[in-house]
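**Q** Numbering (this note's numbering), first residue to last: 37 to 199.
Glycine is no exception: its CB is placed at the ideal position from the N, C-alpha and C atoms.
Mind having a look at this structure? Questions to follow.
Here's what the structure looks like:
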């Protein structure tokens, strides 16, 4: 009888996860449509901006943030099993440096962010860039929550040999 209850609970949990995946996939799809418009209009603004226009920097920030949001959407779609994760060679140093401003906003003023990038210029691994960015953002959010009195978050890239 106890084994049957466990199996029923596992089935319910599996059904819940499937429902969450379906909901997540739908939201990610809708969000992707919104991002398409933001990126499209952002690129139009960038093309129309004159050389030296100070608004170009803001437009670049909008486009960069939209790109990160698109990667996040891809991660959500992967979670909902509606997209296959496609690992490509990515440079960990570049990804870490590119999300540094976002990480600073996530952790707030009471936490110092210390990034130590590997001396290896082309530190490439096979991974999904959007998922690496998401891992770093989750790490920053967890660090913020774990250090309410402040502290230092250190992120270091490098090669490690595993046994």
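Between residue 126 and the rest of its own chain, which residues show a CB-CB distance below 7 Å, the 5 nearest in sequence each way excluded?
**A** Closer than 7 Å at the Cβ level, and outside the excluded window around residue 126, lie 160, 161, 163, 165 and 168.
**Q** Go to residue 68, then tell me how far its alpha helix (DSSP H) extends in each direction, as first and last residue.
**A** 38–84 is the span of the alpha helix (DSSP H), which, as asked, contains residue 68.
**Q** Who are the Cβ neighbours of residue 92 in its own chain at under 8 Å, not counting the five residues just before and after it?
**A** The answer, listed in chain order, is 82 and 85.
**Q** Tell me whether residue 176 is buried or exposed, calling it buried when 16 or more other Cβ atoms sit within 10 Å of its Cβ.
**A** It counts as buried.
**Q** Can you tell me whether residue 142 is buried or exposed? The criterion is at least 16 other CB atoms within 10 Å of its CB, across all chains shown.
**A** Label assigned to residue 142: buried.
**Q** With a threshold of 6 Å on Cβ separation, who are the neighbours of residue 172 within its own chain once the five nearest residues in sequence on each side are excluded?
**A** For residue 172, where only same-chain residues beyond five positions count, the Cβ hits under 6 Å are 135.
**Q** Per the DSSP calculation, residue 149 is bridged to which residue(s)?
**A** Answer is 189.
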